[in-house]
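Colleague: All you need for our numbering is the position in the sequence shown, starting with 1, plus 5.
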Amino acid sequence: MSNATFSRKPLVAAVLTTLAVFSAGAMAGETEEAKTNVKLTIGTAESTTDKTVAGTVQNEQTWDEAWAKKFDDKFTNASGTVTIDESTDASHKTITIGKGTDDKTAGKLTNKLSSLTLNVGLDVAEGGTFVNNGTIEANKAITVNGSLVNTGTLKTNADVTINGLANNTEFEAAPASVVMGDITLKNATLTNKDKGYKLKTEADKKEGADDKTPETRARVSYGNVTLKTGGKFFNAKSALDSGSSLTIASDAVNAEINGKSTWGTIKAQKKNAVTVGAAGTLSADHLVYDYDAGTSATIADLVSVTEGGTFTVNKGLTVSSFAQGGSFDLSKAEYKYLASGASLTFGKAQAFKQVDDAKDAINGQIDADGDYHQGNVTLSNYEAVWKEETATSKTGTEGDAETDKKGSWDVTKFGSVTVYNNARLTISNNKAEKADDLTKHGYSASLSLGNLTLNSTVLKVTPSFKVEKLEGFIQTALEKVNKDVTDDDKMIKLDTSKWTKDDYAKNLEKFLGTLTEEQKEKFTISYDKSIKDDTDKLAIGEATVDAVQKITNSDVAIGSITFATTETSVPADMSKLDKTVATADGKEEPVDRGSVTVDAITQAMGTQTLKIKDNSRVEVGSLSLGDGTLHITGSDVIIHKTDKINGTLTAESGYLGLNIATTMADKVKADTPSTTGTTPNFVLEVGAPVVFGEDAKVTFGTATKKTADTPSEPEKFGAELTFAGDTTLKFDAANFNRNALFTAEGTKGKIDATGTINLEGSNLTWGAYKLFENFDQSGIAKEELTFTDGKLTAADAWKDQVGDNFTIEKNSEGEWMIVAGGKTVEGSGLNVSAKNLVSKIFAGERSTGPDTQLINQILSTGASLQEISSMINSVTGLGAISGVKAMTVDFQGYTADMIEHHAATMPKEMGGWWIQPLGARLKTDDLSMGGSAYGYSLDTYGIMGGFDTHLKNGWTIGAAASYQSGDADGEGDVLPVSTDVKNVGLHLWGSRMYGETNVIGTLSYVTTDGDVTMQLGNLELASELKAKALSAGIRAEREFKTGAFTLTPHAGARLSIVDMDDYEIAAGTTKLFDVSEDKATIFEVPVGVTVQTPSFMFQTFEVKPYVDVTLRGRFGDTESSYTLEGSSTTDTIDYDVSGSFVGDLKVGYMSTYKNLNLGMSYGLSAGDAGRQNHAIEATMRVDF
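1. Sorted by chain position, which residues of the same chain lie with C-beta nearer than 7 Å to residue 5's C-beta, five sequence neighbours on each side aside?
2. Keeping to the same chain, check which residues put their C-beta closer than 7 Å to that of residue 86; ignore five residues upstream and five downstream.
3. Residue 272 and residue 257 - do their beta-carbons sit closer together than 8 Å?
4. Go ahead and pull the three-state DSSP assignment for residue 1176.
5. Which residue marks the beginning of the alpha helix (DSSP H) containing residue 1034, and which one marks its end?
6. In chain order, what residues of the same chain lie with their CB nearer than 6 Å to the CB of residue 992, ignoring the 5 residues before and after it?
7. So is residue 588 buried or exposed if we call it buried at 16+ other beta carbons inside 10 Å?
8. Whether or not the region 1034-1041 and the region 991-1007 are in contact is what I'm after, with contact meaning three or more pairs of Cβ atoms, one per stretch, closer than 8 Å; do they touch?
9. Throw me the rounded Cβ distance for the residue 747 and residue 697 pair, which I believe falls under 8 Å.
10. Counting Cβ pairs, one atom from each stretch, are 3 or more of them under 8 Å apart for the region 259-267 and the region 280-289?
11. In terms of DSSP beta bridges, what is residue 454 paired with?
12. Please name the residue, chosen from 900, 930, 912, that lies closest to residue 923 on a Cα-to-Cα basis.
13. On a CA-only basis, which of 764, 377, 724 is nearest residue 757? Give me that one, please.
14. Please go through the region 799-831 and give each complete alpha helix (DSSP H) segment of 4 or more residues, from N-terminal end onward.
15. DSSP three-state call for residue 473: helix, strand or coil?
16. With residue 436 and residue 451 assumed to form a contact (beta carbons below 8 Å), what rounded beta-carbon distance in angstroms separates them?
17. Between the region 968-978 and the region 938-951, can you find at least three pairs of beta-carbon atoms closer than 8 Å?
18. Relative to the alpha-carbon of residue 775, which residue among 419, 816, 1065 has its alpha-carbon at the smallest distance?
19. Quick check on DSSP: helix, strand or coil for residue 41?
20. Once the 5 residues before and after residue 1045 are set aside, which same chain residues still bring their CB inside 6 Å of it?
21. Hey, how far is the Cα of residue 1146 from the Cα of residue 1180?
22. If you follow the beta strand (DSSP E) that residue 977 is part of, which residue opens it and which one closes it?
23. Using DSSP's beta-bridge definition, name the partner residues of residue 781.
24. Relative to the alpha-carbon of residue 1131, which residue among 799, 1110, 1070 has its alpha-carbon at the smallest distance?
25. Once you ignore the five residues that flank residue 532 on each side, which residues in its own chain have a CB closer than 6 Å to its CB?
26. Roughly how many angstroms separate the alpha carbons of residue 191 and residue 61, rounded to a whole number?
27. Express the C-alpha separation of residue 420 and residue 656 in angstroms, rounding to a whole number.
28. Is it buried or exposed for residue 528, if we count other Cβ within 10 angstroms and need 16 for buried?
29. In angstroms, rounded to a whole number, what distance separates the CA positions of residue 455 and residue 626?
30. Measure the alpha-carbon distance for residue 427 versus residue 82 and round it to whole angstroms.
31. What residue range does the alpha helix (DSSP H) around residue 675 cover?
32. If you drop the 5 nearest sequence neighbours on each side, which residues of the same chain put their C-beta closer than 6 Å to that of residue 1164?
33. Classify residue 907 as helix, strand or coil using the three-state DSSP reduction.
34. Within 10 Å of its beta-carbon, does residue 137 have 16 or more other beta-carbons around it, so buried, or fewer, so exposed?
35. To the nearest angstrom, how far is the alpha carbon of residue 328 from that of residue 633?
36. How many angstroms separate the CA atom of residue 80 from the CA atom of residue 44?
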């Protein structure tokens, strides 16, 4: 029964079925009437009356629908076939395409017919061209001397011969090519005798200058060539050609190469599929062993190379299937045809099907689709050979006996190697030719694999149930829901008679929404059980194939090892499992309402195991063990990088390095022979922490005693980690980028230790190092964790502070830790501001987030405790040490001073617009932040301008705006920072004489934007800061004449409130900290005196020089604070934003000419906190 789109009544369905059958028959009849074939023969000329085509083509012709309609106007290209037969005349058996008799015309025949049958020969003579854009079936020979271009389909049951050009060396430009395209040969031979062509070189064209030898170029190319029954491909001596793919079927003859032939892919489905002659050269990117490999199969089974001939596989070899007991040998002796770096694929994903045979006992079940025999594959006896080269002599004198001897290792290299479950790969006995060479020249692997992928098949079955079947599941579930309900009105009922496949899911979801939680749970449990009980009948997991791959007694380098899966999808019609029940006579069959797909079932159909054993040395770039098993025995294995391990890893004996930078050559060089008569522990070296998934099962060491069986744990654990035998665990704390050496993700893992774990650690800093995280560690007794004196060592910067003070402790959460020195910042020797953050790390939480990861890295990389303190203070105080808040205090004070200075020095009788360029160097280098000193130096340039006016009531008022910008550099003993600063200000002022005292009031609002960056190694830290300040001030001054001088004492007070927006400290795109700053309220009391010398005339200007000295004290929040919030800690840190004492000296003049006022001054401001500011300003005023 089909899955109908619409549900119909039986009677309607019957009527529609009758109509459909009637319509189909009528349409078929119409199609037959429309299908018109055209039969033609060869004649002297084309004739629609005689229905002939010309036997000789010397002009351009196109065979298409319009051409065929000339012979029968009912012909259509979509359905009709044109057939051309031989004439009874013996001279008209072949169509010849060539040049005209006068050599002035050239024949070109183009076929665009979708079905053309040639029962005649086709001869494309030199100068002629045949183009096929349609489909041709050729039953007579085709001969090509000229050009043939096939972009359509060519099937031939007769020979095809490409003869080539009579003269192939005298061409100014490339001759017409032969593009055979896709061609299928049955009981026919495709022969290429074309030797290519040579172009005249530029040297030939320049009167015979011997510049270079012309290159011979191929004229013949193929698309996909398929040799079927009796088919043969023959490349003649000296012939040249190339193609996309060449397939030799099991009942084809063969391909014979005597010239030069180049292919993308060769698929050989039989023995001796290809023969290469003594003068032949065959090259293929990929070679596919395309039939079941038998006993001791090799590449030579497929390709036979005569002595003198050459055969090369450039990119890859595939052996996908095996006969029962089959094997494939790729030992050194059989490797000769593969280019260096060629990839290898052994096996294929397993195919499955749903059995669809009513007579089969397992009808409806899931079963393997075809044979899946396992075959053995061997890569063996590859030897690294030291190739010694004699360099030039040391003295430079040719023939000198004393020379530098140099050389290199010659190593066999493969590219990617992929192995499926039907292949059993053994990599064995691959060692250096001469063991002494390893001692003399250093270690080298003998075999190199770009990557090794062990691929298992995962079957995904998508069941579909008839709606009627699912109705039964619903009724069963309702019975569970209504159990113990006696009141009929309270029973849950559901009418599903109108449900179809199109609305089933929506209706069921809607119904479930009407149930209580208890009812829904009962319904769901029953419904799911019904589906599971039925899908279990598919018997999905019964065709599994497990595979074991081995590396034994071999030195191998592998770019990556990946345990991967390939998904095979099979739809499952669950109705095929139902027993057929005969319908009673006269009883109407129920309407088929279609089928509904339920959740897919995914099943692993086999596992992959890789065993490394027998004194092998294997160096791996990266390991991805998401599934499968890696088993190491008596071998040295280095894995530079591991992904999360979620499969089974067992390392019984030898050495295993995880996440380490050390190479195998470094290890071999550093190793010393073991003490005679002793059995060394298994050594596990961890360069950086390792993560296990919930399904990981990891065992280190070999059990020396049998442990008693323990009852199964009621608690569900995730990753399982077992130290079965005595293990030396080495680690480098400098790469401790997680909270613990081993971490279980997801459900808490379980650790057991029946052997001793002897710890050896290097580069430890102060604080605790967790060994395991998210594990139940009750299975490790304290006596099983040991360390030998001198085997735990601190990093250079920490050696004096930590000394030999190492202990093994358990924290309050039952986690084992190594403690170096102590667990808090106190006593560590660090002088840091973010004490909570650093103490969190010292307590063992070294990777709660990117902030702790970075600080932990600093702890390991700093050269001294002072440098470490400085680096930590710089990172955690980036916003503070940028100086933006301190600069804002200085900016608002500097600009407010300018306004007061302007108000005090402007000529009393003048007003109007004024402008004042600004230039200053601001520097402070001894502000305190925790245990560090910081500051800034800034060269700033800007402008200030405004308008003043005198009011009739005696007041003078003005408004001004200012803008300054510059690049500030950090100062002090923190890391260098750079800040791009912009400051904008708005200012109001007013002054009035009270008797002889001038009183000046100012109000200023300024904002400072700072983009700060700091380089920490290869990492750039950055923040975007914004500060604002509001200040109000008052100043009183009074002039006193003393001889020719005027003294003006002045005193004042100023209140400033400085605030900063919250900001982030980030490393690249990763946020490290959130920072919030406290407001700072600063009081300032300036007291000073201005001395004005007698004025004098300079040209037309009246000039008034002056000197001002001001002392000011600052009070209030000259020390501010900020709150630093990291991933798991909060610190409040105090720091200075200003000094408490400032002394100012200003020297300048004002000059006036009519309504123009000009002035200039230089100022020096110095004080505590390393303050030393220099400023230059110029004023121009125009009185309107």
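Glycine included, each C-beta is placed from N, C-alpha and C at the ideal position.
Only a predicted model underlies this, so the values are computations on that prediction, with no experimental measurement involved.
Modeller: By the coordinates alone:
1. Because residue 5 is not part of the residues shown, which for the chain are 6 to 1189, the question remains open.
2. Around residue 86: 42, 120, 122.
3. Their beta carbons are not under 8 Å apart, which means residue 257 does not touch residue 272 by this criterion.
4. Residue 1176 falls in the strand class under three-state DSSP.
5. Not the alpha helix (DSSP H): residue 1034 falls in the beta strand (DSSP E), residues 1024-1043.
6. Contacts found: 904, 965, 1009.
7. With a pLDDT of 49 at residue 588, under the threshold of 50, the predicted position of this residue should be treated as unreliable, though the coordinate-derived value follows. Classification of residue 588: exposed, given that the 10 Å Cβ count is below 16.
8. Cβ pair count under 8 Å is three or more, so yes.
9. Between residue 697 and residue 747 the Cβ distance is about 7 Å, and since that is below 8 Å, they are a contact.
10. Contact between the region 259-267 and the region 280-289 is present: three or more C-beta pairs spanning the two stretches fall below 8 Å.
11. Residue 454 is bridged by DSSP to 419, 563.
12. The shortest C-alpha separation from residue 923 is found at 900.
13. The shortest C-alpha separation from residue 757 is found at 724.
14. 804-807, all fully within the region 799-831.
15. Looking at residue 473 - three-state DSSP - the assignment turns out to be helix.
16. That belief holds up - the Cβ atoms of residue 436 and residue 451 are roughly 6 Å apart, short of 8 Å.
17. Counting Cβ pairs under 8 Å, three or more are found: they touch.
18. Comparing Cα-Cα distances from residue 775 to each of 419, 816, 1065, the minimum goes to 816.
19. In this structure, residue 41 counts as coil in the three-state DSSP scheme.
20. 1052.
21. Taking the straight line from one Cα to the other gives about 18 Å.
22. Note, residue 977: beta strand (DSSP E), 961-977.
23. Paired residues: 755.
24. Taking residue 1131 as reference, the option from 799, 1110, 1070 with the minimal CA-CA separation is 1070.
25. Excluding residues up to 5 positions away in sequence, 478, 482 lie with their Cβ nearer than 6 Å to the Cβ of residue 532 in the same chain.
26. Straight-line Cα distance between these residues: approximately 27 Å.
27. Their backbone Cα atoms lie some 27 Å apart in a straight line.
28. Classification of residue 528: buried, given that the 10 Å Cβ count is 16 or more.
29. One Cα belongs to residue 455, the other to residue 626, and the distance between them is close to 9 Å.
30. Straight-line Cα distance between these residues: approximately 48 Å.
31. According to the DSSP assignment, residue 675 belongs to the alpha helix (DSSP H) that extends over 669-675.
32. For residue 1164, the CB contacts under 6 Å within the same chain, skipping 5 residues up- and downstream, are 1155, 1184 in chain order.
33. Three-state DSSP puts residue 907 in a helix.
34. Under this definition residue 137 is a buried residue.
35. In this structure, the alpha-carbon of residue 328 lies about 25 Å from that of residue 633.
36. Straight through space, the alpha carbons of residue 44 and residue 80 are spaced by roughly 11 Å.
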